[in-house]
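Just so you know, the sequence shown maps onto residues 50 to 255 in this note's numbering.
Quick reminder that beta carbons are idealized off the backbone N, C-alpha and C, glycines included.
Here the structure is a predicted model, which means the values were calculated and not measured.
Okay, structure first, notes after.
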Amino acid sequence: MQLTFVSGWSGIPELYPTIAQQSNFVIPFWHHSTAQVGAAIAAGGDTLVGWSTGAHLILQQLNSARENFSNIILLAPFLAFSRCFHPRIIKLMQQRLSKEPQATITDFWHRCGINHPCPNIDAKHITTLDQGLEFLATSILAVNKVASGQITLVCCSEDQIVSRKEFDTVANSVENTATIAINSQHFVPEPQLLRMLKNVTGTALI
Numbered sequence: 050m051q052l053t054f055v056s057g058w059s060g061i062p063e064l065y066p067t068i069a070q071q072s073n074f075v076i077p078f079w080h081h082s083t084a085q086v087g088a089a090i091a092a093g094g095d096t097l098v099g100w101s102t103g104a105h106l107i108l109q110q111l112n113s114a115r116e117n118f119s120n121i122i123l124l125a126p127f128l129a130f131s132r133c134f135h136p137r138i139i140k141l142m143q144q145r146l147s148k149e150p151q152a153t154i155t156d157f158w159h160r161c162g163i164n165h166p167c168p169n170i171d172a173k174h175i176t177t178l179d180q181g182l183e184f185l186a187t188s189i190l191a192v193n194k195v196a197s198g199q200i201t202l203v204c205c206s207e208d209q210i211v212s213r214k215e216f217d218t219v220a221n222s223v224e225n226t227a228t229i230a231i232n233s234q235h236f237v238p239e240p241q242l243l244r245m246l247k248n249v250t251g252t253a254l255i
């Protein structure tokens, strides 16, 4: 299976080591620009997975994604992050990020359900992560209904980042999708995610 995985804000490969090794693993605002995300979507493959910010960026380029992938799986998608986190809170994260980058990300990860040590963050990554927060504070998508049976939306039942109301907004905006709920926080542990990928696509990654 040719898998492209577009991760979330600060969604580093260490969180999904097996998937990172066996996919085109794209990390918006950490290693990759939004233009590079678009190029990865345009390059195509079998299955495209977007998690959180990655799902938002795929929704932004949904026509290209549909043309280039047989299966599209969106984990914890949103059309407007600002409806989940008030822009004021995002601004406070930006201010703290400049002074305490690792603590800022560690606290965010804990809210996602991630227990992983945060690596050292250099000035370049602080800048790009800040740009990502600015993007999340302002990006609002209006997705026209798309008739397609290739899209699966995944709702995380214990999600403290993307609200159920916002998930439902996505589900109501994209026509003819499959919607599944999984027992998970915002971060879906890799073994659980690998099982879900196999169930949805019919093909095991490993």
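Count the other C-beta atoms from every protein chain shown that fall within 10 angstroms of the C-beta of residue 251, then say buried if there are 16 or more, exposed otherwise.
exposed
Is residue 109 near the ligand ATP, in the sense that its beta carbon is under 8 Å from a heavy atom of that ligand?
The model on display carries no ligand, and the ligand ATP is accordingly not part of it.
Just to confirm the assignment, what range does the beta strand (DSSP E) spanning residue 120 have?
118-124
What did DSSP end up calling residue 232 once you bin it into helix, strand or coil?
coil
Measuring CB atoms only, is the stretch 99-111 touching the stretch 131-144, in the sense that at least three cross pairs come out at less than 8 Å?
No: the two stretches stay apart, fewer than three of their Cβ pairs being nearer than 8 Å.
So, using beta-carbon positions, are residue 94 and residue 73 closer together than 9 Å?
yes
Taking the alpha-carbon positions, what's the residue 185 to residue 50 distance?
Going by C-alpha positions, residue 185 is about 31 Å away from residue 50.
Out of 228, 139, 54, point me to the one whose CA is closest to residue 77's CA.
54
Run through DSSP, which three-state label would residue 79 get?
Three-state DSSP puts residue 79 in coil, outside helix and strand.
Using only alpha-carbon positions, find the residue among 205, 207, 228, 217 that is nearest to residue 198.
228
Leaving out five residues before and five after residue 83 in sequence, what residues of the same chain have Cβ atoms less than 8 Å from its Cβ?
77, 106, 184
With a Cβ-Cβ cutoff of 9 Å, do residue 177 and residue 79 count as a contact?
For the pair residue 177 and residue 79, the CB atoms are nearer than the 9 Å cut-off.
Any contact of the stretch 153-163 with the stretch 230-240, i.e. 3+ C-beta pairs under 8 Å?
yes
Excluding the 5 residues flanking residue 86 on each side, which residues of the same chain have their C-beta closer than 7 Å to its C-beta?
55, 75, 77, 106
Excluding the 5 residues flanking residue 145 on each side, which residues of the same chain have their C-beta closer than 6 Å to its C-beta?
153
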